[in-house]
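*Asks:*
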Amino acid sequence: MTLLVGIFFAVAIYLFLSQHIIRMLLGAAVLGNAVNLLIFTSGRLTLEIPPILTGYETTTGMLTANPLPQALILTAIVISFSFFAFLLVLSYRAYQELGTDDTDEMRFAEPENQDLPPLGY
Amino acid sequence: MASSEMTTIDLSAAMITQAPPLADWLVVAPLVLCMVLGAVLLMVRKDTQIQPVIAIPGLVALVLVDAALLAHVWMNGTVTMTMGRWLPPFGISFTVDILGALLTLTGGIAALAGGIFGAGDVNDSGRRYGFYPFLFLMMVGVSGAFLTGDIFNLYVWFEVLLISSFGLLILGSERGQIDGATKYAFLNLVATTLFLIATGYLYGIFGTLNMADIALKAQTMDDKAPMVTLVSMYLLAFGMKAAAFPANFWLPASYHTPRVVVSALFGGLLTKVGVYALIRVLLMLFPAERDLLGWVIALIAAATMVLGAMGALAQTDVRRMLGYLVISGIGVMLAGIALASPAGVAATVFYAVHSMIVMTALYLASGMAARASGSFSIAEPGGIYQSHVVLAGITLALFFAVSGLPPFSGFWPKALMVKASLDVGAWWLAAAILLTGFLTTIAVGRVWLLAYWRPAPAPPEETSMGGNGAAVTQPPALSPLLDFLPLVMLTALVVLIGVFPQKLIELSQIASEQLLNPAEYIKSVFPTGGLQ
């Protein structure tokens, strides 16, 4: 499991280092899953019974699986999914408007060879 | 719930049995107000005339509620409210101390100024695409981040404000905006993911996400290696959010692209949330590990402020220069976190309040100046002093405030910070702060000289058109209510804080004591001493 998380992170970072937005998008998707698995493992992986109380007993009397990481991951999945959807649309618009998906060529907000501020009054 | 009533177990051991007193509901009031208004405004988003009519009173109400919350916290100490009746650390707590309440109030004031200015600045299409709903949802995120007492909840609020800020950033869908937003979005995605990774590790180490619980357990944690890793990751994640030096490049790439009122809100609010999170996590939760990393933070602080000021010197566009000034201010705030002495932290809190107000006002002023002179560039003489003498005067006051000259609000926190650094012998940090002030003064002074003081050249049409020349040179009208009111309001605050700083200094000192000695914070969450 740890190895898997490590591989996921490595792939995500490799993809993020690319110049092309489309690879960075894939990287973002992999990165989200890497973090989800990381939270899952940090909640300790055990083969215990589910933490559900049935009937009238107040405690189950034995170890139960940890339900919290699943709640955290669920939140993180929702957020990373909406993030990914937004980035996808934004990148598509960027490709349409700017005509490139190469980040080195995206210089519309910060044009190259900008004039220096005037040096005299 | 039905089954638990039939047994004889004592519910009060695990659940909250009594509703909190009425005044404590103030803790969630800013969030509820913003969320409801955001939803209402989303419903009426087609009706662009009615939006400001709902939004501006809503923002006034937000400021009042925030002020009431601050007064409540000031008089009664830290307040905690826990969601869903589960006792902390299982229920998600909202814990408000002076720092959180003070920053929420300042954020509310900045949002109010932005909301009023937006009524004149944002056009119908911008409103139809949801300027006001996004503004309110961003305030949900900002207020939530300042008020929450749970670290995973903090992550959620970060995402809420981030998603809304994306919406605000691309309002208008111009090429530069989409370009800037792409970089902003990806870099902030990496930063929040780092935050989430660190939170995952934190949960693995402590088994809890409640800040007060973490602060308690961190005191007894002996194993330094995982803790320092954890704190470094938080430092990087929040440093990216706050635009601290090695990770600051997204800010000047994007902050000058959106509408000027959006830049004002971003410059005033978003980076300060990153600083707030750094203060909370480094100073309150992990003070021992922060001490180990103190010199790293001090280096980052010095580099951020000096390079920010230098970047400001190299800009032709006023908005880009302001972006660098935001970064430079972040450096000064980080200096207080690096010092971690009560005086240094108090100066950081004070500076955060000052910076939120001044940066919002400066962006608004630059937008008005651009409307008056037709350009954001300082290479083209604007002649604003001739045409709009009041605006030029207000901007000069704000420029003095941002460079830290008395009698404006920037002077006191910088003076306190220099004194705090000299007290602990960090002379080079004090020198960096003074150098930053000097460079900032040059940068803003030049802007004022070139864009405001220098008379506008006579337009060539004037000679040929003869008598009609007066109509050509007539400056564009600035509405006294929608444009000047927010600016005058913020500038009045700047002067007021500058002339009567005692109350704010006192508040910052209380905030800093509460941070460095979190006993009151912990006691507020666990009245009986916690589940040990």
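If you read the protein sequences in the order shown, they are chains A and B. Per the working numbering, the very first residue in the first sequence carries number 18; after that it's consecutive. Per the working numbering, the very first residue in the second sequence carries number 576; after that it's consecutive. For every residue, glycine included, the Cβ atom is placed at its ideal position computed from N, Cα and C. Just so we're clear, the structure is a prediction, and the values are computed from it rather than from any experiment.
For the beta strand (DSSP E) that B/F665 lies in, which residues bound it at each end?
*Replies:* Walking along the second sequence from the start, residue 665 of chain B turns up at place 90. Element bounds for B/F665: n/a, residue is neither H nor E.
*Asks:* Sort B/L771, B/Y759, B/F709, B/L1057 by Cα distance to B/V615 and report the nearest one.
*Replies:* Within the second sequence, residue 615 of chain B is the residue found at index 40, counting from 1. The shortest C-alpha separation from B/V615 is found at B/F709.
*Asks:* Using CA atoms only, rank isn't needed, just tell me which of B/S1083, B/I691, B/L853, B/D797 is closest to B/V554.
*Replies:* Here chain B has residues from 576 to 1107 only, and residue 554 of chain B is not among them.
*Asks:* What does the alpha-carbon distance come out to for the pair B/E1037 and B/H963?
*Replies:* The residue labelled residue 1037 of chain B in the question sits at position 462 within the second sequence. The residue labelled residue 963 of chain B in the question sits at position 388 within the second sequence. Here the model assigns B/E1037 a pLDDT of 41, short of 50, so the residue's position is not dependable, and the following value carries that caveat. The straight-line gap from Cα to Cα measures roughly 20 Å.
*Asks:* Who are the Cβ neighbours of B/Q1049 in its own chain at under 8 Å, not counting the five residues just before and after it?
*Replies:* Residue 1049 of chain B sits at position 474 when you count from the first residue of the second sequence. Confidence is the limiting factor: at B/Q1049 the pLDDT is only 47, short of 50, which leaves the residue's position unreliable, though a coordinate-based value still follows. Answer for B/Q1049: no residue qualifies.
*Asks:* Taking C-beta pairs closer than 7 Å, name the residues in chain B that A/S35 reaches, listed in chain order.
*Replies:* Residue numbering aside, residue 35 of chain A sits at position 18 when the first sequence is read from its first letter. Within 7 Å Cβ-Cβ: nothing; A/S35 doesn't reach chain B, min ~11 Å.
*Asks:* Cβ of B/G898 less than 8 Å from any chain A Cβ?
*Replies:* Your numbering for residue 898 of chain B matches position 323 in the second sequence. Cβ-Cβ to chain A under 8 Å: no for B/G898.
*Asks:* Around the C-beta of B/D998, are 16 or more other C-beta atoms found within 10 angstroms, so that it is buried, or is it exposed?
*Replies:* Here residue 998 of chain B refers to the residue found at position 423 when the second sequence is read from its first residue. Exposed, by the Cβ-count rule.
*Asks:* On a CA-only basis, which of B/P1061, B/E955, B/A995 is nearest B/A1031? Give me that one, please.
*Replies:* Start at 1 with the first residue of the second sequence, and residue 1031 of chain B comes out as number 456. Nearest C-alpha to B/A1031: B/E955.
*Asks:* Hey, quick one: how far does the alpha helix (DSSP H) through B/T757 stretch, first residue to last?
*Replies:* Taking the first residue of the second sequence as position 1, residue 757 of chain B is located at position 182. From DSSP, the alpha helix (DSSP H) with B/T757 extends over 750-781.
*Asks:* Do the region 886-903 of chain B and the region 1015-1023 of chain B meet, that is, are 3 or more Cβ pairs less than 8 Å apart?
*Replies:* The region 886-903 of chain B vs the region 1015-1023 of chain B: in contact.
*Asks:* Are B/L909 and B/I932 close, meaning C-beta to C-beta below 8 Å?
*Replies:* Taking the first residue of the second sequence as 1, we reach residue 909 of chain B at position 334. Taking the first residue of the second sequence as 1, we reach residue 932 of chain B at position 357. No, the pair does not count as a contact, with Cβ atoms beyond the cut-off.
*Asks:* Taking 8 Å as the threshold (beta carbon to beta carbon), is A/E114 in contact with chain B?
*Replies:* Looking up residue 114 of chain A in the first sequence gives position 97. Yes - at least one Cβ of chain B is within 8 Å of the one on A/E114.
*Asks:* What three-state label does DSSP hand A/H37 in the structure shown?
*Replies:* Taking the first residue of the first sequence as position 1, residue 37 of chain A is located at position 20. Looking at A/H37 - three-state DSSP - the assignment turns out to be strand.
*Asks:* Please return the same chain residues whose Cβ sits closer than 7 Å to the Cβ of B/A819, not counting the five positions on each side in sequence.
*Replies:* Reading the second sequence from its first residue, position 244 is the one you call residue 819 of chain B. The residues are I875, T879, I905, L909.
*Asks:* What's the gap between the Cα of B/G960 and the Cα of B/D866?
*Replies:* Residue numbering aside, residue 960 of chain B sits at position 385 when the second sequence is read from its first letter. Residue numbering aside, residue 866 of chain B sits at position 291 when the second sequence is read from its first letter. As written in the sequence, residue 960 of chain B is Tyr, which differs from the Gly given in the question. Taking the straight line joining both Cα atoms gives about 49 Å.
*Asks:* With a Cβ-Cβ cutoff of 8 Å, do B/L608 and B/L637 count as a contact?
*Replies:* The residue labelled residue 608 of chain B in the question sits at position 33 within the second sequence. The residue labelled residue 637 of chain B in the question sits at position 62 within the second sequence. Yes.
*Asks:* Grouping DSSP H, G and I as helix and E and B as strand, with all else coil, what is A/M18?
*Replies:* Position 1 of the first sequence holds residue 18 of chain A. Residue state, collapsed to three classes: coil.
*Asks:* I need the boundaries of the beta strand (DSSP E) containing B/M656, first residue and last residue.
*Replies:* Within the second sequence, numbered from 1, the residue matching residue 656 of chain B stands at position 81. First-last of the beta strand (DSSP E) with B/M656: 654-657.
*Asks:* In the region 944-965 of chain B, which residues sit with their C-beta less than 7 Å from some C-beta in chain A, listed in chain order?
*Replies:* The residues in question are I953, A954.
*Asks:* Looking only at C-alpha atoms, which of A/P128, A/T117, A/N53, A/V95 sits nearest to A/G23?
*Replies:* Here the question's residue 23 of chain A lines up with position 6 in the first sequence. Comparing Cα-Cα distances from A/G23 to each of A/P128, A/T117, A/N53, A/V95, the minimum goes to A/N53.
*Asks:* Does the region 1081-1101 of chain B come into contact with the region 912-924 of chain B, if we say contact requires no fewer than three beta-carbon pairs (one atom in each stretch) closer than 8 Å?
*Replies:* The region 1081-1101 of chain B, when compared against the region 912-924 of chain B, does touch it at the 8 Å Cβ threshold.
*Asks:* Could you work out which residues of chain B lie near A/G60, taking near to mean beta carbons separated by less than 8 Å?
*Replies:* Along the first sequence, one-based indexing puts residue 60 of chain A at 43. Going along chain B in sequence order, the residues near A/G60 (Cβ under 8 Å) are Y778, G779.
*Asks:* Express the C-alpha separation of A/R110 and B/D754 in angstroms, rounding to a whole number.
*Replies:* The count along the second sequence starts at 1 and reaches residue 754 of chain B at position 179. The count along the first sequence starts at 1 and reaches residue 110 of chain A at position 93. The alpha-carbon atoms of B/D754 and A/R110 are separated by roughly 10 Å.
*Asks:* Closer than 8 Å is the cut-off here; do at least three beta carbon pairs connect the region 854-868 of chain B with the region 821-838 of chain B?
*Replies:* No contact exists between the region 854-868 of chain B and the region 821-838 of chain B.
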